[in-house]
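Read the structure below first, then the notes.
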Amino acid sequence: GKPKSHGVNELKPYRGLQSIAEERVGRRLGGLRVLNSYWVAQDASYKYFEVILVDIHHNAIRRDPKINWLCKHVHKHRELRGLTSAGKSSRGIGKGYRYSQTIGGSRRAAWKRKNTLQMHR
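The numbering used here numbers the first residue of the sequence shown as 10 and each following residue consecutively.
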């Protein structure tokens, strides 16, 4: 018979390679916060990204009002929750008329709101 689980060549990842790279770096270096990342190079097999990491225990970071927002506890593992630029792009979150499909926080929230009928008395 046909092996049903072996057709993996057509499967595409939901998230982009940049977001996956951020996640891998964030898991490896848990004491640092992932700020963002950018493309560096690519060849026939791989894409290379540089991930910007911030040491939140450094006094220069804690005293700088431009970046010390990252020291708060709610920003732990932003890369795992899709809060970096690469993660937001894969979730379809942005500003403007092109991002109307995620009004309400996510695609699921937008779908649920549009497909829920409220009957007021």
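For every residue, glycine included, the Cβ atom is placed at its ideal position computed from N, Cα and C. These figures come from a predicted structure and were not determined experimentally.
When V63, Q127, P74, R117 are compared, the shortest CA-CA separation from L41 is found for V63. It is roughly 28 Å from the alpha-carbon of K104 to the alpha-carbon of K56.
In this structure, DSSP gives K56 an extended state, which the three-state scheme calls strand.
Between S54 and Q27, the beta carbon gap of about 16 Å keeps them out of contact (Cβ cut-off 8 Å). Each of D73, F58, R100, G39 was checked against the Cα of A118, and the nearest Cα belongs to R100. Rounded to whole angstroms, the gap between the alpha carbons of E88 and R130 is 44 Å. Selection K81, G114, H82, Y106 evaluated against K97 yields G114 as nearest (Cα-Cα).
A direct Cα-Cα distance of roughly 27 Å separates F58 from R116.
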